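To start, the structure itself, in C-alpha cells.
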C-alpha cells in the first residue's frame, strides 16, 4: 500500500471537487474493497476522500419507488422491514453476500462498485488488461473456473462479483449521480456497468469525481414477488458460482411480467431480456422456465474450466422461478 | 517394559485423567494474555517484511533498493548480496540432512529463482507499516524462464524416485505378487483419483521473533510444532552450539503439519536480526503463507484391486504421481495405509514424481493416510456395490486380524467395535442399500462410511517434575500445544501421577531450556509427553521412597523400596496400607522444600523393544517390535445433494475411534470434530489453483481458498471405544491428531455416491463435478 493523504468531506462538492482535481484520488465509504485492493497494490491512490459524513442516507418508499441512500450499509438495507417485505430479492441478495462483518461496513454505493475477484487481477505479478491495459489476459486459458461466460472479450473475462447489483439490475433500479459541479443525472443500473470489450479498465459510466447519491427501485407487482438464489461452494462467505434474481407477476398461471438477472456468470450484472421475453405472456410452467433459461445462456462463451456454469446458471434460474411461483 | 512402572498399575482408577477438564489455558486465551510468537514486547524490537518473487523460474537480474532505503524508519534491506552468511545451508551436500530442513534449498543464497513467492529480500524498519511499504518499493528485475507448474505439464519429466519423504519411504514396495494375483482374480477393479493442492492455513501464520542476546547467543520466539527441531535447524545453519540457541513457543494458533519444520522465513528473520543488530520479528502474510511453509501436493493415484467373487481382496496395486520441488523428492506416503488396512496377501506400490517450480510440499494433517484412504475407501465402496454387499460387511470380510505388512499381531484394535457402535449411533440399518433412491423432496439423501487408521510412530521424550512440600508441583517438558490441549491433558496426567488436584499443577512447555520433547506431529505428542510426565513423577516417588525408608521417624523406616507403593500422594507398604505417610509430612520433616524427578517416556515400538531410536530410523524400529501399533476408527456421513445445483451438504456425522486411552473427553472430542471438519473441507471445497503457465497461485487468500464455515457443518457425534493397550507406552495413549481426518473424504464421497449413483474421484467435490459437466 502506498502512502496517501486523507480528507473527510462534509459536503458533496468538497468530495467531488477533491477527486476532480486529482486523478489519483479515490472516494472511500466502507472501504471493504478499496483498502483490500490498495494493500494488494492493485489500486494506488495518493488521496482518499472519506464520504461517510455526506447525507446520502435513508431507506424509504417514495412515489418513484424504493429509495436507498448510497451510504446506507449493506446490513441495514438487508434487514430493513420495508425491503424485506416489499423487495425480498434485494434483502436476500444482501444477506447472502459477504460476511456480517463486511456487511456492517460496506456501503450500498460502494457495493455496486466492487471489483472482480479474478485472481489474475488481484495479483500484480500477473499481466492483466483490466489492471494494466494491454498487458494481456492469462485467464483466457488459465484458471478461469470462477470467471464469466457471458459478456467476455478476448481482453477480459472477469466476473462481476456482486449479489446486490444482480437484484437491482433485475428490478430496473436507477442511480442518481452527482458530479463536481453539483449537477445530478440519472442512470439506469443496467447501463451503469460496462462490458470489458477492449477497455476492461473502464468498468462503469461514472465520470471522475462523480458520486452515487442514491438508488431508486420502481415499485411493481414483480418487486414483491421476487427472490434471489445463490449457488456457491460453501454456505456462507463465498462468491456465487451462479445466482439468479427473479421477479414475477403471475396471474391465473400466466406470467404477466418478468424480471431476470444472473450473477456469477457475467462480466457485468447480467440482465436477461431474452429470458424475460420467453417468460412474459407464457404459462408459469417448468417448460417455460427451461426455455427462458436456455435463452438466457444462449450467448454463453465458456472456457476450459467454467463450462459447468452454462448448465448451472440455467438450473439456478429454473430453480429460482420454480420456487418463486410455488411460494 | 515389564520393569518400568505403568499408569495402568499405579492409577487403575484415575481421578482426573480422561475427565472432560476445561482447558487450563482457556482463560488466558480468551483474555488475550496468552502470548503468541509475534506478540512479545521485546525492547528495541524492529519489524521484518519479506519481498517475494513475482516469477517462478529464472534469475534476479537486478535489485534496486534505493527507493526503499530512503524511506523513513528503514534500518536495513537484505538481499542475497548482503545478508549475513550461514555456516551450513540446505543447498550444501548433506546440509539438508544435517539441518533437518524440510526443503533442500535456502532462499537469498544466490540469484536463482526456483518458485513464485520465493523470498528475494528482507526489509527491516522501525514499524511494521514502514517495513511493508519499503518492501513494496524494492524493485526487482528478473531474467524469466518458462516454469514447470505441475506433473500434468506435458513438459514435466516424470521419474521414479528411489525414496520419497526425505528417504523415509521406498519408491517401490512389493509384498507377494500382486500382478499375478490380479490376473487370476475373478473381480478386478481399477480407478484413478486426483487430489487438489491443499494448504494448511493455520489461523496464526508462520511467525518469528529473533533476539541475539550476544554475538553467539540467540533466542527465538517461533511459531513451531517443535522447539527442539527448530533449535537444531537454526544452530546447525548458524554454526552455533545447540545450547546457544534457545527456542520458545508458548502458544501456537494451529499448525496442521506446516509448522513441523524450520522454514526459510525463520532463518531469514534470524539473519536479519544479526545484520541489523536489533531484535526482529516477522510474520508471513496470508498470501506468503501459501508459498512459505509447504502444502499438500497435487497428485493422481491409480488404485487397482483384485478380489474373489465373495469380495475377499487378493491384490492391491497402488500408483501415485505428484509434483515435487526442484530439489526434494517429497511425496506423501499414500500407500502405507493401503498396504495395512485390509487383509490382502498381495500388494504393490510405486511413486512417480515430477519436478515443478514450486515450493516443497510437506506433511499436511494425516500426510499420506488422508489421500491414500480416499482412494482405498472409495474403491472398497465400489467393490461393495459391485458385489451387492453392505459397505461395512465388505470391510469386515477383509478385516485384518493381524498386520498384513509383517504378520505381527496388533497391540490393540477395536475396529469392529467402531463399525458396530458407529452404525448404531448413525442408524446405518435404516439405510436403503440401493444408491440414488433416497429422497428428501428435491434433495438426494446418501449415507456413506469409511475406515480410519493411523500408526503409532516411534518416539520418545523427557519431562521434569518438581514437587513442593506444600502440595503443588511444576511439571515441564519442551513440548508444543498446537491448540489441541497439551497443557490441559498433561496437567491431568501430572495430577493423577502425583495424587494432586489439577489446580495444584503448573505445566510448562514450549522452551528448549526444558527437557527435550518430540515435535507435536505424527500424533506422537500426547502419548510421548504424557508418558514422560508420568515417568518423571515415578522418579519423584522413588526418591521420596528412598528418603522415607532411611528416615527413622518415618513409618516406612527400614522397609524395602520395592515393598513401598504410592497411592494418591501417600507412600505406604504394599501389603499393609495402614503403614505409611503422606509425602508432605515426609518432606516437611526432612526440611525439603521441593524435590525433582525426571522421566523418559517412550512411545510406540521403542517402548515395547526398549530401544531408544532417533525418529530418523523409526521405520526400522517400528518393524522391530512384537506388535503393530495403530489407531482405528470409522466415520459415518449423511449428505443431502441438490442434483440440479450440484451442492452437497453434510447433514449428519458420526465418528467412532479406538485410540487407546483418551486423556480428556472434551478436548479429544473437539480434536476429532476439528479433524473431521478439516477432512470435510478437503472433500468438498479446499483447492489451491496454480496457473499452468506462471506456476503461481491465483487464489492465495481465505476468501477464495474455501474452508468450511459454521453453516457447512452439522452436529457431529464423536465417541471412543475404551481401549486398554499396555504395549504402546506407560500411559496407553495412541494419540488422535491425525486419525480424525483419515477416511473423511471417502466417507463423504461414498455418501455422495449413495445419494446420486455418481462416483466422484476428484477432490474437492465441488458443484461442477456433481452436475457432471466435467472440465475438459
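Protein chains in written order, with the UniProt record's numbering: chain A, 1 to 327; chain B, 1 to 776.
Note that CB positions come from ideal geometry on N, CA and C, so glycine has one too.
Just so you know, these numbers come straight off a predicted model, no measurement behind them.
Asked, Found
"Give the C-beta separation of residue 18 of chain B and residue 663 of chain B to the nearest angstrom, bearing in mind that I take them to be a contact with Cβ-Cβ under 8 Å.", "7 Å"
"Buried or exposed for residue 196 of chain A, please, with buried defined as at least 16 other CB atoms from any protein chain shown within 10 angstroms of its CB.", "buried"
"For a test of the three-state rule: what should DSSP assign to residue 673 of chain B, helix, strand or coil?", "helix"
"Assign residue 12 of chain A to one of three DSSP states: helix, strand, or coil.", "helix"
"If you reduce the DSSP assignment to three classes, tell me which class residue 96 of chain B lands in.", "helix"
"Please list the partners that residue 708 of chain B has in chain A, where partner means a Cβ-to-Cβ separation under 9 Å.", "234 and 235"
"Alpha carbon to alpha carbon, how far is residue 533 of chain B from residue 615 of chain B? Give it in angstroms, no decimals.", "Interpretation of residue 615 of chain B is limited by its pLDDT of 47, a score under 50 that renders its predicted location unreliable; the figure taken from the coordinates is listed afterwards. Using only the alpha carbons, I get a separation of about 20 Å."
"I think residue 719 of chain B touches residue 421 of chain B, with their Cβ atoms under 8 Å apart; what is that distance to the nearest whole Å?", "6 Å"
"Just the chain B side, please: which residues come within less than 7 Å of residue 6 of chain A by C-beta, in chain order?", "Within 7 Å Cβ-Cβ: nothing; residue 6 of chain A doesn't reach chain B, min ~14 Å."
"Evaluate contact between the stretch 107-127 of chain B and the stretch 70-79 of chain B, counting only Cβ atoms and requiring at least three cross-stretch pairs below 8 Å.", "yes"
"Counting only Cβ pairs nearer than 7 Å, list the residues of chain B close to residue 143 of chain A.", "689, 691 and 698"
"Closer than 6 Å by C-beta to residue 65 of chain B: which residues in its own chain qualify, once you throw out the five before and the five after it? Chain order, please.", "77 and 138"
"I'd like to know whether the C-beta of residue 330 of chain B is nearer than 9 Å to at least one C-beta of chain A.", "no"
"With 9 Å set as the bound, which would you pick, yes or no: does the beta-carbon of residue 245 of chain A sit closer than that to a beta-carbon of chain B?", "no"
"Can you grab the Cα-Cα spacing for the pair residue 81 of chain B / residue 207 of chain B, in whole Å?", "24 Å"
"Starting from the Cα of residue 472 of chain B, find the closest Cα among B:581, B:389 and B:596 and give me that residue.", "B:596"
"Does the beta-carbon distance from residue 200 of chain A to residue 153 of chain A come in below 9 Å?", "yes"
"With residue 147 of chain A and residue 139 of chain A assumed to form a contact (beta carbons below 8 Å), what rounded beta-carbon distance in angstroms separates them?", "6 Å"
"I'd like to know whether the C-beta of residue 131 of chain A is nearer than 9 Å to at least one C-beta of chain B.", "no"
"List, from N- to C-terminal side, the alpha helix (DSSP H) runs of 4 residues or more that fit wholly inside the stretch 73-133 of chain B.", "95-99"
"Which value, in whole angstroms, describes the spacing of the CA atoms of residue 14 of chain B and residue 493 of chain B?", "9 Å"
"Rank B:214, B:660, B:703 and B:599 by C-alpha distance to the C-alpha of residue 239 of chain A and give the top, closest one.", "B:703"
"At a Cβ cut of 8 Å, what residues of the stretch 128-155 of chain B count as close to chain A, listed as they run along the chain?", "132, 133 and 136"
"List, in chain order, every chain B residue whose beta-carbon is nearer than 7 Å to that of residue 300 of chain A.", "What residue 300 of chain A touches in chain B: nothing, since even the nearest Cβ is about 12 Å away."
"In the DSSP assignment, what are the bridge partners of residue 451 of chain B?", "B:634"
"With which residues is residue 459 of chain B paired in a DSSP beta bridge?", "B:603"
"Are the stretch 272-283 of chain B and the stretch 209-222 of chain B touching, with three or more C-beta to C-beta distances below 8 Å?", "yes"
"Output, in chain order, the set of chain A residues within a Cβ distance shorter than 7 Å of residue 194 of chain B.", "Those within 7 Å of residue 194 of chain B in chain A number zero; the least Cβ separation is about 14 Å."
"Along chain B, which residues have their Cβ under 8 Å away from the Cβ of residue 228 of chain A?", "Within 8 Å Cβ-Cβ: nothing; residue 228 of chain A doesn't reach chain B, min ~14 Å."
"Considering only the beta carbon of each residue, do residue 180 of chain A and residue 13 of chain A sit closer than 9 Å?", "yes"
"How long is the line joining the alpha carbons of residue 126 of chain A and residue 120 of chain A, rounded to whole angstroms?", "6 Å"
"Report, in whole angstroms, the separation of the C-beta atoms of residue 559 of chain B and residue 544 of chain B, which I expect to be a contact under 8 Å.", "The Cβ separation is near 13 Å, so there is no contact."
"What does the alpha-carbon distance come out to for the pair residue 220 of chain A and residue 132 of chain A?", "42 Å"
"State the start and end residues of the unbroken alpha helix (DSSP H) segment that holds residue 181 of chain B.", "178-183"
"Taking Cβ-Cβ distances below 9 Å as the criterion, which residues of the stretch 743-773 of chain B are in contact with chain A?", "764, 766, 767, 768, 769, 771, 772 and 773"
"Output needed for residue 104 of chain A: all residues of its chain with C-beta closer than 7 Å, excluding positions within five of it in sequence on either side, in chain order.", "73 and 75"
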